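Undergrad: So in full-length UniProt numbering, spot 38 of the sequence shown is number 38, and the numbers just go up one at a time. Glycine included, C-beta positions come from ideal geometry on N, C-alpha and C. Here the structure is a predicted model, which is why all the values come from computation and not from measurement. Got a structure for you, questions after.
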Amino acid sequence: MRIGTSSSALHLAQAAAAGDTLLVADGFDGYEIVEVDGGPEALRQALLAGHCDVAVHAASDIPLADHVDLSVVFLPRESPQDAFVGPTDYRGMPHGARVGVDSANRAAQITHFRQDLRPVDIGGDLEERLARVGELDGIIVSRAELTQLGRDIGQDLPYEVMVPVAGQGAVALEARRGSQVEHTLDLVDDQTTRLEMIAERSFVRELNLAPSAPVGVLARSTGRTVALHARFMGSGKVEIRRSSNNPEKLGHDLAAEFIRRGVRA
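Now the structure itself:
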């Protein structure tokens, strides 16, 4: 089995973990990791062209529109929380501390938590961002990404401080419809994670904001119902929690309420 992924250390770790999971589930002979340059769309094109059999995405990156020729499953979600990595407790940062962030969502929420904090936009992969600790008073990253790279560091931020972006902590696998691999993927599809992804992706799709919008959304499923918590930190704060046994409608309806309250693209 050929498993396609991007070439960063994080994506390669995600692909290897996915390959091991598929190996246990179906007992095939082995797998090969195929590195694909470019983002999620390039990975999809490689899959459609037959250059790989499975595409591995961070669920926070996978395109919102499902592809008619591809099926998608979700592995069990790791922690969706954000983590603060720095020399102090996140509550003990000095006045005016400079905090490295890589999204408007993290920047807006950390300054809402403490208005004196100064978010600093930092790019690069996870290891490059971690290297900025010391130069900065701390950085905010995904707990799941730290775990996937074997880095047991940092302090989890409670959801009262930081609501993550849609899909954080989950890994999505895509295969061509009708392929032999599609059946293998069905064996590892985690239904709890799937329900959470349906709700979160429905919310983001309906809200239709720019990718850089300061909005976080988190679904948690008990198996019967899904609780959805969303927060927008633009010109004003909008925060709503709702629950339902219909995750697609839940995400759609919650986004409609945000729009009624003035949140628009």
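Give the straight-line distance between the Cα atoms of Val-263 and Met-233, rounded to the nearest whole angstrom.
TA: Cα-Cα distance, rounded: 10 Å.
Undergrad: Spell out a yes or no on whether the region 24-43 and the region 64-74 are touching, meaning 3 or more CB-CB pairs, one atom from each, closer than 8 Å.
TA: Touching, no, given that fewer than three Cβ pairs across the two stretches are closer than 8 Å.
Undergrad: Quick one: what's got a C-beta closer than 6 Å to Val-217's C-beta in the same chain, skipping five residues either side?
TA: Contacts found: Ala-166, Glu-200, Phe-203 and Ala-230.
Undergrad: Between Val-34 and Arg-77, is the Cβ-Cβ spacing less than 7 Å?
TA: The answer is no: Cβ separation not under 7 Å.
Undergrad: Just the Cα atoms here: how many angstroms apart are Glu-32 and Arg-143?
TA: Looking at the two C-alpha atoms, the distance is approximately 27 Å.
Undergrad: Ordered along the chain, which non-local residues of its own chain (more than five positions away) have a Cβ less than 7 Å from that of Leu-10?
TA: Excluding residues within five positions, the ones whose Cβ falls inside 7 Å are Asp-125, Leu-126, Glu-145, Gln-148 and Leu-149.
Undergrad: Quick check: is any heavy atom of the ligand ZN less than 6 Å from the C-beta of Thr-21?
TA: In terms of ligand content, the structure shown is empty, and the ligand ZN therefore cannot be addressed.
Undergrad: When burial is assigned at 16 or more other CB atoms within 10 Å of the CB, is Thr-222 buried or exposed?
TA: Answer is exposed; the Cβ neighbour count stays below 16.
Undergrad: For His-57, tell me which candidate among Leu-75, Gly-50, Pro-247 and Ile-139 has the shortest Cα-Cα distance.
TA: Considering only alpha carbons, the answer is Leu-75.
Undergrad: When the Cα atoms are used, what is the spatial distance from Leu-195 to Leu-228?
TA: Taking the straight line from one Cα to the other gives about 11 Å.
Undergrad: Assuming residue 288 is part of the beta strand (DSSP E), what are its boundary residues?
TA: It is not possible to answer for residue 288, since the shown part of the chain is limited to 1 through 265.
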